[in-house]
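Chemist: This is the structure I want to talk about, given as C-alpha cells.
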Amino acid sequence: DTGVSQNPRHKITKRGQNVTFRCDPISEHNRLYWYRQTLGQGPEFLTYFQNEAQLEKSRLLSDRFSAERPKGSFSTLEIQRTEQGDSAMYLCASSPVTGVDEQFFGPGTRLTVL
Amino acid sequence: KQEVTQIPAALSVPEGENLVLNCSFTDSAIYNLQWFRQDPGKGLTSLLLIQSSQREQTSGRLNASLDKSSGRSTLYIAASQPGDSATYLCAVRDGGTSYGKLTFGQGTILTVHP
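Each protein sequence line maps, in turn, to chains A and B. The numbering used here applies: residue 1 is where the first sequence begins, and numbers increase by one. The numbering used here applies: residue 115 is where the second sequence begins, and numbers increase by one.
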C-alpha cells in the first residue's frame with residue numbers, strides 16, 4: 001500500500017461551478033478525515049467518517065459542501081457553487097480504529113476558484 | 115475550544131545547528147500530539163506522535179517532548195541540514211471524544227542554509 005491518495009492534485013474552476021475531489025485512504029483504515037488549509041495557516045478540520053458513517057462535521061462545512069464515503073472505502077468531497085473563498089488545499093487523512101491513532105495525510109488537492 | 119500556538123513563526127539557521135520548535139495548547143486534556151512536516155505545496159508527513167501518557171518520542175535526529183500539565187511540546191532537531199527546510203506543524207487530538215479530529219498550529223517555517 002502506498003499511502004493515502006487524492007485526485008485531482010490541482011483543480012482550477014470558475015466561480016459558481018461545482019467540483020468534486022476524491023480520497024483513497026490506506027486500505028483497512030476505518031477512519032477518514034477531510035481538512036482545509038489556506039495559505040500560511042495550519043489545516044482546519046472539516047469532517048470525519050468512521051467506515052461509511054459521517055460522525056462529525058465542522059461549522060466550516062457550509063451547505064454548499066457535501067462529503068460521502070458510500071462503501072467505507074474511498075471518499076468524495078463536493079463543493080457546489082464555488083466561491084473565491086473556497087480556494088485552498090483540501091487534505092484527506094486516514095487512521096486505523098485500533099492501535100495508535102496516528103493520522104496519515106494524502107498529498108492534497110489544490111483548488112483555485114477564479 | 116482548543117487553540118494551538120507555535121513559536122517562532124519562522125526560523126533561519128546555518129547548517130549543523132541544533133534547534134528547538136515550540137508548541138503550546140490551551141486545553142491540557144489531550145489524547146495525543148503529533149508533529150508533522152510539510153514541504154511547499156505538498157501534503158503532511160507525520161514525524162512523531164506522543165501519547166498523552168508519554169513524555170517524549172525520538173526518531174533519528176528528532177526528539178519531541180510533551181508536558182501535558184503545562185500545555186507545551188517541543189520538537190528538537192539535532193545537527194540541522196538543508197534538507198530539513200520545511201514547515202513544521204504541531205497538532206493535538208483532544209481527549210474525551212471518540213473522534214480523532216486534530217487541531218493544528220499555524221506552523222514554524224524552518225530554513226536551514228548551507
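Just so it is clear, CB atoms sit at the ideal spot from N, CA and C, and this is done for glycine as well.
Contact between the region 176 to 184 of chain B and the region 159 to 167 of chain B is defined here as three or more beta-carbon pairs at a separation below 8 Å; is this criterion met?
Modeler: Flag = yes, the region 176 to 184 of chain B and the region 159 to 167 of chain B touch.
Chemist: Give the DSSP bridge partners of Arg207 (chain B), in chain order.
Modeler: Answer by DSSP bridge pairing, in chain order: B:Asn146 and B:Leu216.
Chemist: Within 10 angstroms of the Cβ of Asn51 (chain A), are there 16 or more other Cβ atoms? Answer buried if so, exposed if not.
Modeler: Exposed, by the Cβ-count rule.
Chemist: Return the residue from the list A:Ser62, A:Pro96 and A:Tyr48 that minimises the CA-CA distance to Gly85 (chain A).
Modeler: Nearest option by C-alpha distance: A:Ser62.
Chemist: Identify each residue in the region 30 to 41 of chain A for which the Cβ-Cβ distance to at least one residue of chain B is less than 9 Å, and report them in chain order.
Modeler: Cβ contacts with chain B: Arg31, Tyr33, Tyr35, Gln37, Gly40 and Gln41.
Chemist: Counting only C-beta atoms, is Leu189 (chain B) closer than 7 Å to chain A at any point?
Modeler: Cβ-Cβ to chain A under 7 Å: no for Leu189 (chain B).
Chemist: Per DSSP, what are the beta-bridge partners of Asn18 (chain A) in this structure?
Modeler: Paired residue(s): none; Asn18 (chain A) is not in a bridge.
Chemist: Answer yes or no: does any C-beta atom of chain A fall closer than 7 Å to that of Leu203 (chain B)?
Modeler: So yes, Leu203 (chain B) belongs to the interface.
Chemist: Kindly say whether Lys215 (chain B), judged by its beta-carbon, lies nearer than 7 Å to any beta-carbon of chain A.
Modeler: At least one chain A Cβ lies under 7 Å of Lys215 (chain B).
Chemist: For chain B, check one thing: does any of its Cβ atoms lie closer than 7 Å to the Cβ of Phe49 (chain A)?
Modeler: Phe49 (chain A) does not count as touching chain B.
Chemist: Using a Cβ-Cβ cut-off of 7 Å, state whether Phe139 (chain B) counts as contacting chain A.
Modeler: For Phe139 (chain B), the answer is no, since every Cβ of chain A falls outside 7 Å of its Cβ.
Chemist: Do Val134 (chain B) and Tyr190 (chain B) have their beta-carbon atoms positioned less than 7 Å apart in this structure?
Modeler: Yes.
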